[in-house]
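Engineer: Top line first, the protein sequences correspond to chains F and U. Take 46 as the starting number for the first sequence in this note's numbering and just add one per residue. Take 249 as the starting number for the second sequence in this note's numbering and just add one per residue. Built from N, CA and C at the ideal position, the CB exists for glycine as well. Note that the coordinates shown come from a computational prediction; the quantities given were computed from them, not determined experimentally. Questions regarding the structure given below will be posed in turn.
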Amino acid sequence: MSQTPPQTPLRPMSPHLQIWRFHITMFTSILHRATGLALVVGAVLVAAWLLAIGITAAGICPQAYTAFLIFAKSPFGLLVWFGLSLAGFLHLTGGLRHLIWDMAIGFQLKSANALAWWGLIGGIVLTVIFWVVLFTTGKVVL
Amino acid sequence: MVDSYLRQRSSKDWKKSEKHGAGEWLAERWTSVALIVLTGWALWSAFGLMNQGYEAALAFVKAPVNAGLMALTFVITVWHTYMGLNANLLDYFPNSRALKLLNLLFCLVLLAAALSGLFLAFKA
């Protein structure tokens, strides 16, 4: 057994979906990564919004802002905004959880699970409140 | 024997962050704290601009404070995004320089698009 193995066995790639039994901290960890990736779409859309204002104002493409609004107000657009708000609030609570952990607090199994649950519930509640406000103030009309 | 073989492999294949110290780790944290404030401000502003039309959006962007904060928000967002995407790449494609370069290019294009839109609106 002193010989070097001819090939190092292939290790599972992070986040080890193949070998992990489900638990809430694993779920929120994956969720934090997934929401972070989803928010790249949000950054692209906000950049598109700025670009649409810019090229409309500069007269390069006067219809650009109208085109952006047609997308933003469409049912598909609203679905995208809803998804982004959910991803944003979950990434916010997930990020806060990480910042708490970075202060070396909350690593006990019990508190880690509680933080995961509160982050998950908090993100969903914030999203629901946000959309209730949008509808009740008439900002979004279906 | 096995240990040294693994170490050799790890130095080549595994996460590279340890090679540039705590700087990236700290940058991830500081950008995230800054983004809580900046995206909060951006969301509040977006809420105010919703359903107000093009003129209101243009007037918002033309105010120097808003333009400056928007630019700052984008610089930090793109920085945070770059580090986040890189963390993903390191996990799944640790050796791909092409993907790392693609990530950098994507982030630069995203930043350039946002800043040029902001600049055009501001100058108009």
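Would you list, in sequence order, the uninterrupted alpha helix (DSSP H) runs of no fewer than 4 residues that lie entirely inside the segment 293 to 346 of chain U?
Structural biologist: Runs of the alpha helix (DSSP H) inside the segment 293 to 346 of chain U: 301 to 310, 312 to 340.
Engineer: Quick one: is Lys371 (chain U) near chain F, going by C-beta distance under 9 Å?
Structural biologist: yes
Engineer: Residues in the same chain with beta-carbon distance under 8 Å from Met249 (chain U), minus the five sequence neighbours each way, listed in chain order, please.
Structural biologist: With a pLDDT of only 41 at Met249 (chain U), under 50, the local geometry of the prediction cannot be trusted, and no value is derived from it.
Engineer: Taking C-alpha atoms, which residue in U:Ser344, U:Pro342, U:Ala307, U:Gly332 lies nearest to Cys355 (chain U)?
Structural biologist: U:Gly332
Engineer: In whole angstroms, what separates the C-alpha of Ala161 (chain F) from that of Val178 (chain F)?
Structural biologist: 26 Å
Engineer: For a contact defined as C-beta to C-beta under 7 Å, what are the partners of Tyr330 (chain U) on chain F?
Structural biologist: Result: empty, since nearest Cβ-Cβ is about 10 Å, beyond 7 Å.
Engineer: Rounding to the nearest angstrom, what Cα-Cα distance links Arg345 (chain U) and Trp273 (chain U) in this structure?
Structural biologist: Near 21 Å, if we compare the C-alpha coordinates of Trp273 (chain U) and Arg345 (chain U).
Engineer: Once the 5 residues before and after Thr70 (chain F) are set aside, which same chain residues still bring their CB inside 7 Å of it?
Structural biologist: Ala157, Asn158, Ala161
Engineer: By the criterion of Cβ-Cβ separation under 7 Å, what are the contact partners of Gly81 (chain F) in chain U?
Structural biologist: Within 7 Å Cβ-Cβ: Gly332.
Engineer: Quick check on the DSSP output: the alpha helix (DSSP H) that includes Arg142 (chain F) runs from which residue to which?
Structural biologist: 120 to 147
Engineer: Determine the closest residue to Ala360 (chain U) out of F:Ala83, F:Thr80, F:His68, F:Ala88, with distance taken between C-alpha atoms.
Structural biologist: F:Ala88
Engineer: Phe16 (chain F): which of F:Leu141, F:Ile169, F:Phe127, F:Gly140 sits nearest, CA to CA?
Structural biologist: With chain F represented from 46 up to 187, any question about residue 16 (chain F) goes unanswered, as that position is not in the structure.
Engineer: Go to Ile98 (chain F), then tell me how far its alpha helix (DSSP H) extends in each direction, as first and last residue.
Structural biologist: 69 to 102
Engineer: Beta-carbon of Ile98 (chain F) versus every beta-carbon of chain U: anything under 9 Å?
Structural biologist: yes
Engineer: Taking Leu353 (chain U) as the reference, which of U:Arg277, U:Leu368, U:Ala282, U:Tyr330 has the closest Cα?
Structural biologist: Taking only the C-alpha atoms, the option nearest Leu353 (chain U) is U:Tyr330.
Engineer: What did DSSP end up calling Lys371 (chain U) once you bin it into helix, strand or coil?
Structural biologist: In this structure, DSSP gives Lys371 (chain U) a helical state, which the three-state scheme calls helix.
Engineer: Taking just the CA atoms, how far does Ala92 (chain F) sit from Trp327 (chain U)?
Structural biologist: 14 Å
Engineer: Along the segment 314 to 328 of chain U, what residues have a CB closer than 8 Å to any CB found in chain F?
Structural biologist: Met318, Phe322, Thr325, Val326
Engineer: Say whether chain F places a C-beta atom closer than 9 Å to the C-beta of Asn343 (chain U).
Structural biologist: Cβ-Cβ to chain F under 9 Å: no for Asn343 (chain U).
Engineer: In three-state terms, what does DSSP make of Trp65 (chain F)?
Structural biologist: In the structure shown, Trp65 (chain F) sits in coil (DSSP, three-state: anything other than H, G, I, E or B).
Engineer: Compute the distance between the beta-carbons of Leu366 (chain U) and Gly99 (chain F), then report whether it is under 9 Å.
Structural biologist: yes
Engineer: Could you tell me which of U:Phe308, U:Tyr302, U:Val309 sits nearest to Pro107 (chain F), measuring between CA atoms?
Structural biologist: U:Tyr302
Engineer: Pick from F:Ala83, F:Gly164, F:Asp147: whose alpha carbon is nearest that of Ser130 (chain F)?
Structural biologist: F:Ala83
Engineer: Please state whether DSSP places Val186 (chain F) in a helix, a strand or coil.
Structural biologist: coil
Engineer: Tell me which residues of the segment 68 to 79 of chain F have at least one Cβ-Cβ distance to chain U shorter than 9 Å, keeping chain order.
Structural biologist: Arg78
Engineer: Thinking C-alpha only, which one of F:Thr101, F:Leu135, F:Trp94, F:Lys118 is nearest Ile169 (chain F)?
Structural biologist: F:Leu135
Engineer: Measuring CB to CB, does Leu306 (chain U) end up less than 9 Å from Ala369 (chain U)?
Structural biologist: yes
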